[in-house]
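Remarks on the structure that follows.
Written out as structure tokens, the structure is:
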């Protein structure tokens, strides 16, 4: 598949099928670089969707406790971890939280985003300018819709592999 900007396109193979996200370095350059670094290291491969709320969003990306392929996998702690890298300075922007938006999860501190992110099932304007939007699903939203719901999710779906499109051999 040819994408308009392969260097800024994230291809996620989930247990429900492929999801493709067009990343937005023009509004969240630090977050996009961080996500690409984690993807290129394989850090997201095997990470579960640990918090999935009907009509709201599917959250994933806990590379510390949420990687089902790792000996550190801990379903009771999934959602509390990040990566080995420092947290990111917020890059709140004017991009709206609409269906298919990819945005960074964080704690109370605006500068606490690290590796976790979520994809919106529906418009969530109350999140606008409070969370860093870094991408938009351009393919496979029907697969996001199929992700098992729960807080926590029992037998969760996961990201089998996460790659930058530029790195995928045609």
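Residue numbers (full-length UniProt numbering): 1 to 170. We put the beta carbon where it would ideally sit given N, CA and C, even for glycine.
Please decide whether residue i counts as near chain C, where near means a Cβ-Cβ distance under 9 Å.
i: residue 145; result: Structure shown: chain C not included; a single protein chain is present.
Can you tell me where the beta strand (DSSP E) holding residue i begins and where it ends?
i: residue 15; result: No beta strand (DSSP E) holds residue 15; DSSP gives it neither H nor E.
i: residue 164; result: 158-164
Taking C-beta to C-beta, are residue i and residue j nearer than 9 Å?
i: residue 171; j: residue 60; result: Lying before the first or after the last residue shown, residue 171 is absent from the chain, which here runs from 1 to 170.
i: residue 91; j: residue 29; result: yes
i: residue 65; j: residue 80; result: yes
i: residue 85; j: residue 67; result: no
i: residue 49; j: residue 9; result: no
i: residue 166; j: residue 33; result: no
i: residue 41; j: residue 121; result: no
i: residue 144; j: residue 97; result: no
Hey, residue i and residue j are a contact pair by Cβ (cut 8 Å); roughly how many whole angstroms apart?
i: residue 16; j: residue 111; result: In fact, because the Cβ distance is near 32 Å, the residues do not count as touching under 8 Å.
Would the C-beta of residue i count as close to the ligand ATP, meaning under 8 Å from any of its heavy atoms?
i: residue 83; result: Among the ligands in the structure shown, none appear at all, so the ligand ATP cannot be discussed.
Continuous beta strand (DSSP E) assignments of at least 3 residues falling wholly in the UniProt domain "PPIase cyclophilin-type" (17-149): The beta strand (DSSP E) runs lying completely inside the UniProt domain "PPIase cyclophilin-type" (17-149) and spanning 3 residues or more are 17-23, 51-53, 57-60, 101-104, 117-120, 133-139, given in chain order.
Sufficient close CB pairs (3 or more, under 8 Å) joining the segment 21-36 to the segment 148-155: With a cut-off of 8 Å, the segment 148-155 and the segment 21-36 do not count as touching, because too few Cβ pairs lie within range.
The segment 65-77 contacting the segment 95-102, beta-carbon criterion three pairs below 8 Å: No, they do not touch.
Sufficient close CB pairs (3 or more, under 8 Å) joining the segment 160-167 to the segment 29-48: In short, these stretches touch, since the Cβ pair count reaches three.
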